[in-house]
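A.B. asks: In the working numbering, the protein residues as written are 148 to 713. We treat Cβ as the ideally placed atom computed from N, Cα and C, and that holds for glycine. Here the structure is a predicted model, which is why all the values come from computation and not from measurement. Handing you this structure, nothing more for now.
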């Protein structure tokens, strides 16, 4: 806002002729435009001699859900708290330690609708429809009697389809990526908790929409025995099934046979719709970046080349931004779901000799705890919250073997095993020393360091892969001036776009006349025009914003029927 006159000058911004509280500077900025911000803006400037009122600038806003072919948007993790290396903290500002973590990134929020019959839940973000409950025996309770063996799980969709469950006949077992789309990192991990009281715990699934139960100690189960089956077997071991544990917040490969020879059982929750979900559309941009057109994400084709603790990983990302890495300054440490979306479950070190990721990505080779060539664990920006509210661990995804130290065949020493498979999601301490997690002697010599029931290896020093985009639905808006032009008076239109994946392209339709660019000028004759702005982001997602403009002969102009589409 530019104004001249005898000082001091006072400023008061108004929206639709109503004062905006606190808007008393020479400029007014709206961060994160939403539909409620649409309207006419002006500034009243005053001094000791009187006042002047600026022209009105009209802001048109649209938040129509973005569209792109074969959409596979990654739903947000739900994490809302920030953490340091051990506990919750106020979310840090840029330049402070621990800036850039999960809770500071607003992605595509899960939006659920429970069906009128209470049988199904639609996730509007992923376009997947789920069974509301894993209550397979229909007794109204979720407990161990609902769990199924692998063979029974495979037969479950056919039974649902024959019964047209929820009115549908296209149910299927979810892939591991589909199942993981439901994980909610507001959850708290019971691991290490004394006793069996679950009343203070939060599951890793939204229980406002989905039925859930912890394991039942009265039947010999552990509290954490709430493993859900996917339809994805481990490519390196067909006797291992990937599942999501919504009690402790992990993906693991689970053996189909228990140590006593019995068959393992799982909760089963079937899915339908969006057959393309979890299928990335990767495009190498030729500049060191790779765009996933389906997920609205851009990745660094290379990794950090070295491991580091979690705080250092967040700081490393900020250093890359300060340097304008690969031409961008908005890189992030990916959240758990974004990082998991990169996994290719058809690959593994023991079958393809590669990491579980598309070959377009460069990945550092490491030597693992057993002396084998392997591939790293990668940090997510997501804290793995503990039962007591602490946050000393963060999520990682295993693109190589998910190793653990096991006591096999009655031995007191420990053997290193690919216990959960390439593609597992587990957690590591954010800081500290591996030596603090001593288990005992390794059968091959040396020492074993690990944690959890399967002795998950501890590294603490994990790798980083940068991501950008995925910032939630694409938002488009525009202003124009003057707002009261006469016939044949040039009108300047200024477009803005936010969220999704930049850069953006802008296309205009002035009632049949097209234009391109973020700032354009157009001259109208007398008449009524529908002004449509179409914004496309770097992954091909599209949204629009529009308003109706009526121009009359002479010097009169008015807005008729302003609208913000949805």
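Would residue 424 and residue 485 qualify as a contact pair, given that the criterion is a beta-carbon distance under 8 Å?
C.D. replies: No, they are not a contact pair.
A.B. asks: Select from 528, 547 and 470 the residue whose C-alpha is nearest the C-alpha of residue 494.
C.D. replies: It is 547 whose Cα lies nearest to the Cα of residue 494.
A.B. asks: Are the Cβ atoms of residue 400 and residue 411 separated by less than 8 Å?
C.D. replies: No. Outside cutoff.
A.B. asks: Once the 5 residues before and after residue 165 are set aside, which same chain residues still bring their CB inside 7 Å of it?
C.D. replies: Counting only Cβ-Cβ distances below 7 Å, and skipping sequence neighbours, we find nothing.
A.B. asks: Is residue 442 buried or exposed, if buried means 16 or more other CB atoms sit within 10 Å of its CB?
C.D. replies: Classification of residue 442: buried, given that the 10 Å Cβ count is 16 or more.
A.B. asks: Considering only the alpha carbon of each residue, which of 460, 422 and 296 lies closest to residue 405?
C.D. replies: The candidate whose alpha carbon is nearest that of residue 405 is 296.
A.B. asks: Which class does residue 292 belong to by DSSP, given the choice of helix, strand or coil?
C.D. replies: It is helical.
A.B. asks: Note down the Cα distance separating residue 689 from residue 455, rounded to an integer number of angstroms.
C.D. replies: If you take the alpha carbons of residue 689 and residue 455, they lie about 38 Å apart.
A.B. asks: Reducing DSSP to helix, strand and coil, say where residue 281 ends up.
C.D. replies: DSSP places residue 281 in coil when its eight states are reduced to three.
A.B. asks: Which of the three DSSP states is assigned to residue 484 in this structure?
C.D. replies: Helix.
A.B. asks: So, do the stretch 636-646 and the stretch 616-626 have three or more beta carbon pairs nearer to each other than 8 Å?
C.D. replies: As far as the Cβ criterion goes, the stretch 636-646 touches the stretch 616-626, which means the pair count is three or higher.
A.B. asks: Rank 263, 369, 254 and 414 by C-alpha distance to the C-alpha of residue 298 and give the top, closest one.
C.D. replies: The option with the nearest alpha carbon to residue 298 is 414.
A.B. asks: Does the stretch 449-467 come into contact with the stretch 594-612, if we say contact requires no fewer than three beta-carbon pairs (one atom in each stretch) closer than 8 Å?
C.D. replies: Flag = yes, the stretch 449-467 and the stretch 594-612 touch.
A.B. asks: What separation, rounded to the nearest whole angstrom, lies between the Cα atoms of residue 613 and residue 154?
C.D. replies: Rounded to whole angstroms, residue 613 to residue 154 spans 49 Å at the Cα level.
A.B. asks: Compute the Euclidean distance between the alpha carbons of residue 256 and residue 514, then round it to the nearest angstrom.
C.D. replies: Each residue's Cα considered, the two are about 38 Å apart.
A.B. asks: For a test of the three-state rule: what should DSSP assign to residue 140, helix, strand or coil?
C.D. replies: Only positions 148 to 713 of the chain appear in this structure, which leaves residue 140 out of reach.
A.B. asks: Less than 6 Å between C-beta atoms, sequence neighbours within five positions excluded: which residues of the same chain meet that for residue 560?
C.D. replies: So the qualifying residues of the chain are 588 and 590.
A.B. asks: My guess is that residue 537 and residue 233 are in contact by the Cβ rule of under 8 Å, so how many angstroms apart are they, rounded?
C.D. replies: Right, the Cβ-Cβ distance comes to about 6 Å (below 8 Å), so this counts as a contact.
A.B. asks: Return the residue from the list 508, 691 and 651 that minimises the CA-CA distance to residue 522.
C.D. replies: Closest option to residue 522, Cα to Cα, is 508.
A.B. asks: Rounded to whole angstroms, what is the Cα-Cα separation between residue 210 and residue 226?
C.D. replies: Residue confidence for residue 210 is low, a pLDDT of 44 falling below 50, so the modelled location carries little weight; the figure read from the coordinates is stated next. Distance between the alpha carbons of residue 210 and residue 226 is about 23 Å.
A.B. asks: Would you give the residue range spanned by the alpha helix (DSSP H) that residue 308 belongs to?
C.D. replies: Where residue 308 is concerned, the enclosing alpha helix (DSSP H) stretches over 297-309.
A.B. asks: In its own chain, which residues sit with a C-beta less than 6 Å from the C-beta of residue 699, not counting the 5 before and 5 after it?
C.D. replies: The residues are 673.
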